[in-house]
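In the numbering used here, the protein residues as written are 1 to 394. Just so you know, even glycine gets a beta-carbon here, dropped at the ideal spot from N, CA and C. Some notes on the structure that comes next.
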Ligand code: HAM
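As structure tokens, this is what we get:
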């Protein structure tokens, strides 16, 4: 809910793309020489002989939908958000599942550097809203297509003499996707990269100045970041801004959020030239971090009903129903354990009120209403319960 309200506050609308798409969309969108397309897609042939894939990410589907439904005709800029399951055939480990969930955001239709800053700001606001502040933003520019091509050749030239010393994965990448070698976790490969050309140094002056403008917009918004010249991202559609938000508390899979600009994707998939920027967060990783803080997200309930004894327990069910019908979010204790234990759970539930029903209340038309924070407790007629809960407290 926090992420939803932050996106909504920033003027983003929800989009619900399907869970699967034609395989070709992901191959063309994400890029053939990426790990996602090469190794991680759950692809199937349907009875109608269509090749489909469970979505490994959300951007390609959003862009397909943007083109198919001519969203570009609805105004110059589209601000969209989504959340839901994604699928990647990866080796499962802490923070990495084969079915995981993302919340994502896409801002389509502008190349204004302020849009990059806005997208990053909505991401950091979202993380703050759910109580995660101890995170770092890494930023880089992968430049225009031409910049990337130039860097690719330069990196290739630099690494070729060391080809035999590279790890097998990087050797394969040298031909197909040398930028990904920068990401390698192999120590020897990282050592070889020490004198390698840097992406930021090969940017043309326009790309360089665009990057500087994004930086100054972020600084104006008070967002701290570190430049990571090796940040290239695992999907091929990025141009210019690339960023990640990481937490040191997550171990190897430390990226909570990843995104960037993808100015060429819409046109490559058959739509009009549409500069765009976006990101996605892994919800399971957010949960891991919240668990580490021992702050399991609470359901927003207003009332927690506690009761003991058969008659009281039946009344409790009816009262909980009465409250819910009145639009009051209500939870109730089914345990039948001692009141003291039930009150502990009431406190933990985050509810404002506890409604208490014991033997005496079961035989009358009254209940006890306790304000959990102050501990104040009053006797209330059942017919007055809803208004007592709604009454403003002085
Ligand atoms: P991504 O970096 O591949 O970007 O994924 C975004 C986030 O999803 C990661 O930072 C991580 O938190 C989470 N994630 C990825 N794989 C897994 C996994 N196997 N298990 C758990 N969490 C995972 C994208 O998907 C792009 N579509 C983001 C984007 C949107 N770029 C532009 N617009």
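message: Check for me: the alpha helix (DSSP H) holding residue 290 runs from which residue to which?
response: Residue 290 sits at position 290 when you count from the first residue of the chain shown. Unbroken alpha helix (DSSP H) run through residue 290: 283-292.
- prompt: In terms of DSSP beta bridges, what is residue 332 paired with?
  reply: Locating residue 332 in the chain shown gives position 332, counting from the first residue. Answer is 305, bridged to residue 332.
query: Roughly how many angstroms separate the alpha carbons of residue 66 and residue 140, rounded to a whole number?
result: Stepping through the chain shown from its first residue, residue 66 is reached at position 66. Stepping through the chain shown from its first residue, residue 140 is reached at position 140. Taking the straight line from one Cα to the other gives about 27 Å.
task: Indicate whether residue 288 and residue 276 have their beta-carbon atoms separated by less than 8 Å.
output: Translated into the one-based positions of the chain shown, residue 288 becomes position 288. Translated into the one-based positions of the chain shown, residue 276 becomes position 276. Result no, Cβ atoms of residue 288 and residue 276 do not sit closer than 8 Å.
field: Burial state of residue 217 (16 or more Cβ within 10 Å)
entry: The residue labelled residue 217 in the question sits at position 217 within the chain shown. Residue 217 counts as buried, since at least 16 other C-beta atoms from the protein chains shown sit within 10 angstroms of its C-beta.
task: Could you check if residue 314 is buried or exposed, using at least 16 other CB atoms within 10 Å of its CB as the buried criterion?
output: For this step, residue 314 is matched to residue 314 along the chain shown. Counting Cβ neighbours within 10 Å, residue 314 comes out exposed, since fewer than 16 surround it.
message: Between which residues of its own chain and residue 45 is the CB-CB distance below 7 Å, once the five residues before and five after are set aside?
response: Position 45 of the chain shown, counted from the first residue, corresponds to residue 45. So the qualifying residues of the chain are 51.
- prompt: Beta carbon of residue 166, beta carbon of residue 159: below 8 Å?
  reply: Walking along the chain shown from the start, residue 166 turns up at place 166. Walking along the chain shown from the start, residue 159 turns up at place 159. Yes; because the gap between Cβ atoms is below 8 Å, this pair is in contact.
- request: Pull up the DSSP beta-bridge partners for residue 82, would you.
  value: If you number the chain shown from 1, residue 82 lands on position 82. Note: residue 82 sits in a beta bridge opposite 104.
- prompt: How long is the line joining the alpha carbons of residue 241 and residue 102, rounded to whole angstroms?
  reply: For the purposes of this step, residue 241 is identified with residue 241 of the chain shown, where counting begins at 1. For the purposes of this step, residue 102 is identified with residue 102 of the chain shown, where counting begins at 1. Here the alpha carbons of residue 102 and residue 241 stand approximately 20 Å from one another.
- prompt: Going straight from the alpha carbon of residue 19 to that of residue 308, what length do you get?
  reply: Here residue 19 is taken as the residue at index 19 of the chain shown, counted from 1. Here residue 308 is taken as the residue at index 308 of the chain shown, counted from 1. Cα to Cα, residue 19 sits roughly 46 Å from residue 308.
- prompt: Count the other CB atoms within 10 Å of the CB of residue 116; is the residue buried (16 or more) or exposed (fewer)?
  reply: Residue 116 sits at position 116 when you count from the first residue of the chain shown. Looking at its Cβ environment, which holds 16 or more other Cβ atoms inside 10 Å, residue 116 is buried.
- prompt: So does residue 21 have its beta carbon nearer than 7 Å to some heavy atom of ligand 1?
  reply: Counting from 1 along the chain shown, the entry for residue 21 is found at position 21. Incorrect: residue 21 has no Cβ contact closer than 7 Å to ligand 1.
message: Tell me the rounded alpha-carbon separation between residue 24 and residue 204.
response: On the chain shown, residue 24 is found 24 positions in, with the first residue counted as 1. On the chain shown, residue 204 is found 204 positions in, with the first residue counted as 1. Spanning the two alpha carbons is a distance of roughly 32 Å.
task: Run the proximity test for residue 279: is its beta-carbon closer than 7 Å to any non-hydrogen atom belonging to ligand 1?
output: The residue labelled residue 279 in the question sits at position 279 within the chain shown. Yes, the Cβ of residue 279 comes within 7 Å of a heavy atom of ligand 1.
field: Proximity test, residue 235 beta-carbon vs ligand 1 heavy atom, cut-off 7 Å
entry: In the chain shown, counting from the first residue as 1, residue 235 sits at position 235. True, at least one ligand heavy atom lies under 7 Å from that Cβ.
query: If you measure from the CB of residue 301, is any heavy atom of ligand 1 nearer than 7 Å?
result: Here residue 301 corresponds to residue number 301 of the chain shown, with the count starting at 1. Judged by the Cβ position, residue 301 fails to qualify as a neighbour of ligand 1 at the 7 Å threshold, every heavy atom of the ligand being at least this far.
query: DSSP on residue 341, reduced to helix/strand/coil?
result: As a first step, residue 341 is located in the chain shown; it is residue number 341 there, counting from the start. Secondary structure at residue 341: helix, using DSSP grouped into helix, strand and coil.
message: Determine whether the beta carbon atoms of residue 400 and residue 225 lie at a separation below 8 Å.
response: Residue 400 lies beyond the stretch modelled for the chain, which goes from 1 to 394, so this question has no answer here.
- prompt: Mind checking whether residue 29 and residue 237 have CB atoms under 8 Å apart?
  reply: Mapped onto the chain shown, residue 29 falls at position 29. Mapped onto the chain shown, residue 237 falls at position 237. Yes, the pair counts as a contact, with Cβ atoms nearer than the cut-off.
message: Rounded to the nearest angstrom, what separates residue 291 and residue 280 at their Cα positions?
response: As a working mapping, residue 291 is identified with position 291 in the chain shown. As a working mapping, residue 280 is identified with position 280 in the chain shown. Each residue's alpha carbon lies about 20 Å from the other.
- prompt: Applying the criterion that 16 or more other CB atoms from any shown protein chain within 10 Å of the CB defines a buried residue, is residue 342 buried or exposed?
  reply: On the chain shown, residue 342 is found 342 positions in, with the first residue counted as 1. So residue 342 ends up on the buried side.
- request: Just mark residue 175 as buried or exposed, buried being the case when its beta carbon has 16 or more other beta carbons within 10 Å.
  value: For the purposes of this step, residue 175 is identified with residue 175 of the chain shown, where counting begins at 1. By the neighbour-count rule (16 or more Cβ atoms within 10 Å), residue 175 is not buried but exposed.
- prompt: Does the region 132-150 come close enough to the region 93-111 to have 3 or more Cβ pairs within less than 8 Å?
  reply: no
message: With a threshold of 7 Å (Cβ to nearest heavy atom), would residue 31 be considered close to ligand 1?
response: What you label residue 31 is simply residue 31 of the chain shown in a count that begins at 1. Result no, Cβ not under 7 Å from ligand 1.
message: What does the Cβ neighbour count give for residue 370, buried or exposed, with the cut at 16 atoms within 10 Å?
response: Position 370 of the chain shown, counting from 1, holds the residue named residue 370. Burial call: buried.
- prompt: So residue 359 is in the alpha helix (DSSP H); what residue range does that whole segment cover?
  reply: As a first step, residue 359 must be located in the chain shown, where it is residue number 359. 359-362 is the extent of the alpha helix (DSSP H) around residue 359.
- request: Let me know if residue 349 comes out buried or exposed under the rule of 16 or more other beta-carbons within 10 Å of its beta-carbon.
  value: Here residue 349 refers to the residue found at position 349 when the chain shown is read from its first residue. Buried, by the Cβ-count rule.
query: Is it true that the CB of residue 362 sits closer than 8 Å to the CB of residue 311?
result: Residue numbering aside, residue 311 sits at position 311 when the chain shown is read from its first letter. Residue numbering aside, residue 362 sits at position 362 when the chain shown is read from its first letter. Yes, they are a contact pair.
query: Using CA coordinates, which residue listed in 245, 87 and 192 is at the minimum distance from residue 286?
result: Counting from 1 along the chain shown, the entry for residue 286 is found at position 286. Residue nearest to residue 286 within the set 245, 87 and 192 is 245 (criterion: CA-CA distance).
field: residue 11 and residue 58 closer than 8 Å at C-beta
entry: Here residue 11 is taken as the residue at index 11 of the chain shown, counted from 1. Here residue 58 is taken as the residue at index 58 of the chain shown, counted from 1. Contact annotation: residue 11 and residue 58 have beta-carbon atoms that are not nearer than 8 Å.
query: Nearest to residue 329 by alpha carbon, out of 191, 355, 74 and 215?
result: Walking along the chain shown from the start, residue 329 turns up at place 329. Comparing Cα positions, the closest option is 355.
- prompt: Exposed or buried, residue 194, counting other C-beta atoms within 10 Å across all chains shown (16 or more means buried)?
  reply: As a working note, residue 194 is residue 194 in the chain shown. When all chains shown are included, residue 194 counts as exposed.
- request: Check each candidate in 120, 137 and 196 and name the one with the smallest Cα separation from residue 157.
  value: Taking the chain shown and counting its residues from 1, the one referred to as residue 157 is at position 157. Residue 157 has its Cα closest to that of 196, out of 120, 137 and 196.
- prompt: If we count the other Cβ atoms within 10 Å of its Cβ and call it buried at 16 or more, is residue 395 buried or exposed?
  reply: Outside the modelled stretch of the chain, which goes from 1 to 394, sits residue 395, for which no answer is possible.
- request: Measure how close the beta-carbons of residue 177 and residue 34 come, nearest whole angstrom, since I'm counting them as under 8 Å.
  value: Indexing the chain shown from 1 puts residue 177 at position 177. Indexing the chain shown from 1 puts residue 34 at position 34. Indeed they touch by this definition, with Cβ atoms about 7 Å apart.
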